[in-house]
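In UniProt numbering, the protein residues as written are 1 to 230. What follows is one structure encoded as structure tokens, with my remarks underneath.
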């Protein structure tokens, strides 16, 4: 877990082997077989949810917020008096007071649909919902994405890689801009360079992804796609 934390928060190339990172990420999901592992997976998923890494419909956001509320506060009367929205809702939805108040109201109402009080059951319900999101299980890196085809553009993005493929979330709007299946992707990387080239066949998108963690994205694409070197 410490290695993964260092990768996600570093702005410099890391000394650790990309293979080591792949082993940590691929092995993480196996931890749900026990209560402690379930708690770790729930906490990781909740943090990613709060960061906005799981773009989803509002009803799903409210449902996840309600589950987290029940886990954190239990069956508490006068819940609205102590509710810390930053612990249950994605940060980008709390930028305005009006939106925050609206989401708080909807979350409070949604609590009636959360029947269980068993923490493990609630954590499992939270994870089950998250696993329906295309970006679930992704490792994210801050990157500058330069598109050269079909048009020229630039995007600062949270670049995520999981067993589905590659995902780009705008750091400004937290909107999922694109998701690419591994099967439609071609990628290349020159050792030591802070970027990799990616081509998406279906959309005909040609892009350069620039980040100090380019080597890790390359290794994750290889590992999680099962394609080996591309």
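Even for Gly, the Cβ is constructed at its ideal location relative to N, Cα and C.
First and last residue of the uninterrupted beta strand (DSSP E) at residue i
i, result
"residue 121", "Counting along the chain, residue 121 falls outside any beta strand (DSSP E), though it belongs to the alpha helix (DSSP H) covering 119 to 130."
"residue 167", "165 to 170"
"residue 154", "153 to 161"
"residue 145", "139 to 149"
"residue 199", "195 to 200"
"residue 205", "205 to 210"
"residue 186", "185 to 188"
CA-to-CA distance, residue j to residue i, given in whole angstroms
i, j, result
"residue 225", "residue 188", "14 Å"
"residue 71", "residue 37", "16 Å"
"residue 42", "residue 59", "19 Å"
"residue 55", "residue 213", "23 Å"
"residue 219", "residue 97", "42 Å"
"residue 11", "residue 176", "Note that residue 11 scores 47 on pLDDT, short of 50, meaning its location in the model is unreliable and no value can be drawn from it."
"residue 191", "residue 172", "30 Å"
"residue 83", "residue 75", "12 Å"
"residue 63", "residue 194", "39 Å"
"residue 117", "residue 73", "10 Å"
"residue 49", "residue 34", "22 Å"
"residue 215", "residue 165", "16 Å"
"residue 149", "residue 115", "49 Å"
"residue 77", "residue 202", "Low local confidence applies: a pLDDT of 49 at residue 77 is under 50, so the model's placement there is unreliable, with the coordinate-based value given in what follows. If you take the alpha carbons of residue 77 and residue 202, they lie about 52 Å apart."
"residue 95", "residue 103", "12 Å"
Of the listed residues the options, nearest to residue i (C-alpha basis)
i, options, result
"residue 156", "162, 147 and 221", "147"
"residue 106", "116, 93, 118 and 117", "93"
"residue 153", "223, 34 and 206", "206"
"residue 136", "145, 167 and 150", "167"
"residue 217", "141, 150 and 67", "141"
"residue 119", "53, 40 and 158", "40"
"residue 196", "138, 159 and 202", "159"
"residue 44", "104, 174, 57 and 139", "139"
"residue 169", "145, 104 and 61", "145"
Unbroken alpha helix (DSSP H) run spanning residue i, endpoints
i, result
"residue 92", "Looking at the DSSP string, residue 92 is not in any alpha helix (DSSP H), and its letter there is neither H nor E."
"residue 174", "Residue 174 -> no alpha helix (DSSP H), and no H or E assigned at all."
"residue 105", "97 to 110"
"residue 54", "That residue, residue 54, is in no alpha helix (DSSP H); it is neither H nor E in DSSP."
"residue 218", "214 to 225"
Beta-carbon proximity of residue i to residue j, cut-off 7 Å
i, j, result
"residue 211", "residue 143", "yes"
"residue 200", "residue 185", "yes"
"residue 67", "residue 122", "yes"
"residue 234", "residue 101", "Any property of residue 234 remains undetermined from this structure, which presents the chain solely from 1 to 230."
Inspect the CB distances between the stretch 105 to 123 and the stretch 178 to 187 and report whether three or more fall short of 8 Å. no
Segment contact, 8 Å Cβ cut-off, at least three pairs: the stretch 88 to 99 with the stretch 124 to 136: no
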